[in-house]
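Participant:
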Amino acid sequence: MVGKSWGYFGGDGIYGDAQSGIYWVNLYDVLESRGLEVCLANARYVRNVPGRKSDVLDSQWIQQLHSYGLLRGSFIAEGKIRELRAYVRQRENLEKQKSIQVALMGKSLQLLNIKLHQIASGTELQTSMNIIRAIVSGERSAKELAKFRHPQMKTSVEDFEKGLQGNWRAEHLFSLKQALMMYDFIKEQMLSCEREIERTLGEINGDSGDESRVKTKAIRQNDYAFDVKSYLKEMVGVDLTQIRGMDEKTILTILSETGTDLSKWKTAQHFTSWLGLAPKPKITGEKIVGHFKHSVANRANQAFRMAAWALSNSKCYLGSFYRKLSSRKGSFVAVKATARKIAVIFWNMMTKKVEFETRTQAEYEIKYQDRQLKNLEKMAKRLGMTLQKSNI
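Note that full-length UniProt numbering gives residue 155 to position 155 of the sequence shown, counting from 1, and the numbers run on in steps of one.
#1: Hey, quick one: how far does the beta strand (DSSP E) through Lys282 stretch, first residue to last?
#2: Between the beta-carbon of Ile186 and the beta-carbon of Gln101, is there less than 9 Å?
#3: Going by C-alpha distance, which of Ala343, Tyr87, Asn167 is nearest Ala142?
#4: Within its chain, find whatever has a CB closer than 8 Å to the CB of Gln269; leave out the 5 residues flanking it on each side and keep chain order.
#5: Restricting to Cα atoms, I'd like to know which of Thr260, Ala41, Trp309 is closest to Gln63.
#6: Our contact map puts Arg213 next to Phe226 with C-beta atoms below 8 Å; I'd like the distance itself, whole angstroms only.
#7: Could you spell out the range, first to last residue, of the beta strand (DSSP E) harbouring Leu40?
#8: Please report the straight-line C-alpha distance between Ala43 and Gln90, rounded to a whole angstrom.
#9: Rounded to whole angstroms, what is the Cα-Cα separation between Lys215 and Lys280?
#10: Once DSSP output is grouped into helix, strand and coil, what is the label at Ile119?
#11: In whole angstroms, give me the CA-to-CA distance for Phe332 and Leu111.
#12: Since Trp309 is in the alpha helix (DSSP H), which residue starts that stretch and which ends it?
#13: Specify the secondary structure class of Lys287 as computed by DSSP and reduced to three states.
#14: Please report the straight-line C-alpha distance between Ala339 and Leu145, rounded to a whole angstrom.
#15: Can you tell me which of Arg220, Arg199, Ile204 puts its alpha carbon nearest to the alpha carbon of Glu211?
#16: CB-CB under 8 Å to Gly10, same chain, minus the five flanking residues each way: which ones, in chain order?
#17: At which residues does the alpha helix (DSSP H) containing Asp58 begin and terminate?
#18: Just checking, does the stretch 178 to 198 make contact with the stretch 147 to 155 on the three C-beta pairs under 8 Å criterion?
#19: Only counting the same chain, and skipping five residues up and downstream in sequence, which positions put a Cβ closer than 6 Å to that of Val228?
#20: Beta carbon of residue 393, beta carbon of Gln242: below 9 Å?
#21: Between the beta-carbon of Ile76 and the beta-carbon of Tyr45, is there less than 9 Å?
#22: Starting from Cys193, trace the alpha helix (DSSP H) in both directions and tell me its first and last residue.
#23: Looking at the unbroken alpha helix (DSSP H) that takes in Thr250, where does it start and where does it end?
#24: With a CB to CB cut of under 6 Å and the five nearest residues on each side skipped, what residues in its chain are close to Phe304?
#25: Identify whether Gly319 lies in helix, strand or coil by the three-state DSSP scheme.
#26: Thinking Met190 and Glu95 are a contact (beta carbons under 8 Å), I'd like their distance in whole angstroms, please.
#27: Quick check on the DSSP output: the alpha helix (DSSP H) that includes His270 runs from which residue to which?
#28: Would you kindly report the start and end of the unbroken alpha helix (DSSP H) that includes Ser33?
#29: Is the Cβ-Cβ distance between Ile81 and Leu255 less than 9 Å?
#30: In the DSSP assignment, what are the bridge partners of Val49?
#31: Considering only residues of the same chain and omitting the five flanking positions on each side of Glu32, which have a CB-CB separation below 7 Å?
#32: With a cut-off of 8 Å on the beta carbons, I'd call Ala308 and Val335 a contact; round off their distance for me.
Right, here's the structure in full:
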């Protein structure tokens, strides 16, 4: 099977291997530490090359293809970026596990007849967590629990107390306690990950300071506890949070996957193709007859898509583009197309070190109408007609 053999060393000091799962990682690290230029080829490229190949002579076949220049090396980030990526991915995994425990707490509360999701807007809010901790500590009085109600809540005190009158069954209280303990443990693990992420960002930026950069703004749900934005600004030289839909958490996820040197992709088109956001049309007889469907397991791809999804109600030109395309071709197509636009902006800002060029929704609408008018004029010309402006 491709990728399970050790391969051969070429005379030029280049080692060729094909990717299969995660088995290549240790070998790659060893060869890279010895100063060798390693070419990690995608197994698809090896498979699609015509010729004789057998599992017995797999390594020789890979080495031969590489010596002929028929294999392209996959993108591998540098050492410190790979370290940062490991910590960021671990935190994302913990975040998913935390959401599971939040859902389990909500289920236990529902079985206890505690209508917390109706009287409060979320299980993980401070008010809700205070009530849950009080219940686990042994508080059963609805009046005492209602004292945790925030003054700005729309729910009245009477309705709040009614929603906290539970049946207090022992088995459901036990499940709630277990979920809360797991929640607290995962939160502590996430903070531990954040300390490692901050340390790694400091090393990448050449910052030897041991003090954490405390966030001055209020920490929202699932946000980092330290000031990520300041590290990112030092890391790339431009403020990427100016891009609509992109927050510091999304940017950190993308940079941990791509690194800071985006010149490895010659153009923005190469970058979006690697992300799996570029269209792949099927062309026959100079006509597009369809599109290839190619799924890409890329966390940067997912991050750009989430940024595009956040623009669905945004009053900016990217949000307007998303809504117009969504009304014609559906949200799935609109998310991918908008994500590609954001990725192009991201590549230009990273490679050219330019600030984000803000455009209003009104400016986009004017250009959109001009483009529609030109298309109508071309269509009328093909049909032997002319357009005449109406005074209506």
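We put the beta carbon where it would ideally sit given N, CA and C, even for glycine. Treat the numbers as computed from the prediction; the structure is a model and nothing was measured.
Facilitator: Reading off the structure:
#1: Position 282 of the sequence shown, counted from the start, is the residue given in the question as residue 282. Element bounds for Lys282: 281 to 284.
#2: Position 186 of the sequence shown, counted from the first residue, corresponds to residue 186. Position 101 of the sequence shown, counted from the first residue, corresponds to residue 101. Yes. Within cutoff.
#3: On the sequence shown, position 142 is the one that residue 142 refers to. Nearest option by C-alpha distance: Asn167.
#4: By one-based count along the sequence shown, residue 269 stands at place 269. So the qualifying residues of the chain are Ala278.
#5: For the purposes of this step, residue 63 is taken as residue 63 along the sequence shown, with counting starting at 1. Comparing Cα-Cα distances from Gln63 to each of Thr260, Ala41, Trp309, the minimum goes to Ala41.
#6: Within the sequence shown, the letter at position 213 stands for residue 213. Within the sequence shown, the letter at position 226 stands for residue 226. About 5 Å separates the beta carbons of Arg213 and Phe226, which is inside the 8 Å limit, making them a contact pair.
#7: Residue 40 sits at position 40 when you count from the first residue of the sequence shown. Run containing Leu40: 37 to 41, per the beta strand (DSSP E) assignment.
#8: Position 43 of the sequence shown, counting from 1, holds the residue named residue 43. Position 90 of the sequence shown, counting from 1, holds the residue named residue 90. The straight-line gap separating the alpha-carbon atoms of Ala43 and Gln90 is approximately 26 Å.
#9: Taking the sequence shown and counting its residues from 1, one reaches residue 215 at position 215. Taking the sequence shown and counting its residues from 1, one reaches residue 280 at position 280. Whole-angstrom Cα-Cα distance: 43 Å.
#10: Taking the first residue of the sequence shown as 1, we reach residue 119 at position 119. DSSP, reduced to helix, strand and coil, places Ile119 within a helical segment of the structure shown.
#11: Within the sequence shown, the letter at position 332 stands for residue 332. Within the sequence shown, the letter at position 111 stands for residue 111. Rounded to the nearest angstrom, the two C-alpha atoms are 36 Å apart.
#12: For the purposes of this step, residue 309 is taken as residue 309 along the sequence shown, with counting starting at 1. DSSP places Trp309 in the uninterrupted alpha helix (DSSP H) bounded by 299 to 309.
#13: Taking the first residue of the sequence shown as 1, we reach residue 287 at position 287. Reduced to three states, the DSSP call for Lys287 is strand.
#14: Numbered from its first residue, the sequence shown carries residue 339 at position 339. Numbered from its first residue, the sequence shown carries residue 145 at position 145. Note on geometry: alpha-carbon atoms of Ala339 and Leu145 lie some 45 Å from one another.
#15: Your numbering for residue 211 matches position 211 in the sequence shown. Per the Cα distances, Arg199.
#16: One-based indexing of the sequence shown puts residue 10 at position 10. Its pLDDT being 45, under 50, Gly10 is placed unreliably in this model, and the value from its coordinates should be taken loosely. Within the same chain, Gly10 has close Cβ partners Gly16, Gln63, His66, Ser67.
#17: Position 58 of the sequence shown, counted from the start, is the residue given in the question as residue 58. Per DSSP, Asp58 is one residue of the alpha helix (DSSP H) stretching across 58 to 67.
#18: No: the two stretches stay apart, fewer than three of their Cβ pairs being nearer than 8 Å.
#19: What you label residue 228 is simply residue 228 of the sequence shown in a count that begins at 1. Excluding residues within five positions, the ones whose Cβ falls inside 6 Å are Glu248, Leu252.
#20: Examination of residue 393 is not possible in this model, given that the chain is present from 1 through 392 alone.
#21: Position 76 of the sequence shown, counting from 1, holds the residue named residue 76. Position 45 of the sequence shown, counting from 1, holds the residue named residue 45. Taking 9 Å as the Cβ cut-off, Ile76 and Tyr45 do not qualify as a contacting pair.
#22: Position 193 of the sequence shown, counted from the first residue, corresponds to residue 193. Unbroken alpha helix (DSSP H) run through Cys193: 170 to 205.
#23: Along the sequence shown, one-based indexing puts residue 250 at 250. Membership of Thr250 in the alpha helix (DSSP H) is indicated by the continuous run 248 to 258.
#24: Stepping through the sequence shown from its first residue, residue 304 is reached at position 304. Answer for Phe304: Ala339, Ile342, Ala343, listed in chain order.
#25: One-based indexing of the sequence shown puts residue 319 at position 319. In the three-state reduction of the DSSP assignment, Gly319 falls in the helix class, which pools H, G and I.
#26: Here residue 190 refers to the residue found at position 190 when the sequence shown is read from its first residue. Here residue 95 refers to the residue found at position 95 when the sequence shown is read from its first residue. In this structure Met190 touches Glu95 by the C-beta definition: roughly 7 Å separates them, less than 8 Å.
#27: Translated into the one-based positions of the sequence shown, residue 270 becomes position 270. Looking at the DSSP string, the run of the alpha helix (DSSP H) that includes His270 is 268 to 275.
#28: Walking along the sequence shown from the start, residue 33 turns up at place 33. Looking at the DSSP string, the run of the alpha helix (DSSP H) that includes Ser33 is 24 to 33.
#29: Your numbering for residue 81 matches position 81 in the sequence shown. Your numbering for residue 255 matches position 255 in the sequence shown. If you check the CB distance, Ile81 and Leu255 come in under 9 Å.
#30: Position 49 of the sequence shown, counted from the first residue, corresponds to residue 49. Note: Val49 sits in no beta bridge, so no partner.
#31: Taking the first residue of the sequence shown as position 1, residue 32 is located at position 32. The beta carbon of Glu32 sits closer than 7 Å to those of Val38, all from its chain and outside the five residues before and after it, given in chain order.
#32: Locating residue 308 in the sequence shown gives position 308, counting from the first residue. Locating residue 335 in the sequence shown gives position 335, counting from the first residue. Their Cβ separation, rounded to whole angstroms, is 5 Å, which keeps Ala308 and Val335 in contact under 8 Å.
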